[in-house]
Each structure stands twice: as structure tokens, then as C-alpha cells.
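Accompanying notes for the structure given below.
Residue numbers (the numbering used here): 240 to 421.
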């Protein structure tokens, strides 16, 4: 009888340890995927000053749009959490949409080599961000399933594993990709 109780306790400890390890692995995958998004978001943010300076040369009286772009970039640079970065990213997307809309009013800007190169770079980064978002959300789904499904949810609650947020866009305007035209 004593051996049976010890065997059951050992099996229970092994089971709890395996679920705990799975939770840690899934959480680390989510963190890794967020870092992939973060790299691309920072790359996009780094393109903004060059883009703004190029457009400023052609559209000097559009100060409000430039201000919005710079404020969005600064908000991203000072973001303290994943949610703050997501919010700042959404603000950047809106501001860039307005900035690219300016190019429609300035044909000589649309023909500028530097502007075209920056648009191309930004389009490439946007595609990478889109892919990274998708992969991040798939990873969050996998992690959240382990946290919420029985019986692993018991172990998750015991050790304080929390549901992670998906990378989602808040408004219909934010769901639109930045318009990049050549």
C-alpha cells in the first residue's frame, strides 16, 4: 500500500513537472515571436525620420502630418509593455497612411528616388511585420490553449501562467495596410 501511494505521488509530480515545462516552453515561444515582431517594428520606426525628411522637402506646409508621425514614433520608442508597443504601432500605421497620402498631392515627390527607395523598404518591412504578427498570434493561440485547457489549466493557475493577448488591430482604419504606390 505504501509503495502504491509513493508511486502515485511520483507519477503526479512527474505529470505536474511535464505540464509546467510545456507551459514554460510555450510562453518562451510567445516571447520569441514577439521579439521577431519587435525587430521589424523597430526597423520600421528607424525608417521614419528619413521618410519624413524626404517628404518635408516637398510638402513644407504639412507640419501637422509630420508632427503625428514623429509623435507616433516617439510613443513607440518609449513603450513600456507589449500592449503599449501594439498601440504605438497602430498609431504609426495611421500616421504613415496620412504621410503617404501626401505624396498624391506632390508628383515630384512620387518620382523622387529616395522616396521610392524608402517606400520600397517600408513595404518590405510591412510584409515582414504581417508575417510575424500571424506567427505570433499562432504561437499565442497554442500557449493560451495549454493555459486554458483541462487539466493543464490547474497547473497553469497554480504557477501563475496568464493568458497572453493577441496582436490585433483595434479599428477598421488600422486594419488597412499603409498605401504605398509607385
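Where is the CB? At the ideal position from N, CA and C, for every residue including glycine.
Where residue i falls, given that 16 or more other Cβ within 10 Å makes a residue buried
i           : result
residue 403 : buried
residue 383 : buried
residue 358 : buried
residue 338 : buried
residue 386 : buried
residue 394 : buried
residue 324 : buried
residue 398 : exposed
residue 257 : exposed
Residue i versus residue j - alpha carbon distance
i           : j           : result
residue 296 : residue 267 : 45 Å
residue 246 : residue 273 : 41 Å
residue 259 : residue 388 : 13 Å
residue 318 : residue 284 : 13 Å
residue 271 : residue 292 : 33 Å
residue 331 : residue 303 : 14 Å
residue 294 : residue 370 : 28 Å
residue 265 : residue 379 : 8 Å
residue 248 : residue 381 : 29 Å
From the options, residue whose alpha carbon lies closest to that of residue i
i           : options               : result
residue 391 : 249, 241, 254 and 250 : 254
residue 368 : 342, 343, 328 and 378 : 328
residue 276 : 383, 387 and 372      : 372
residue 279 : 363, 339 and 393      : 363
residue 288 : 353, 400 and 366      : 353
residue 305 : 265, 340, 241 and 366 : 340
residue 309 : 356, 405, 241 and 290 : 290
DSSP state of residue i mapped onto helix, strand, coil
i           : result
residue 397 : helix
residue 293 : helix
residue 247 : helix
residue 241 : helix
residue 304 : helix
residue 348 : helix
residue 257 : helix
residue 362 : helix
residue 318 : coil
residue 389 : coil
residue 405 : coil
residue 343 : coil
residue 280 : helix
residue 327 : helix
residue 298 : coil
Proximity test, residue i beta-carbon vs the ligand FAD heavy atom, cut-off 6 Å
i           : result
residue 310 : In the structure shown, the ligand FAD is absent, as is every other ligand, since no ligand is present at all.
Presumed contact (8 Å Cβ cut-off) between residue i and residue j, rounded CB distance
i           : j           : result
residue 250 : residue 400 : Rounded, the Cβ-Cβ distance is 22 Å, inconsistent with contact.
residue 298 : residue 345 : 6 Å
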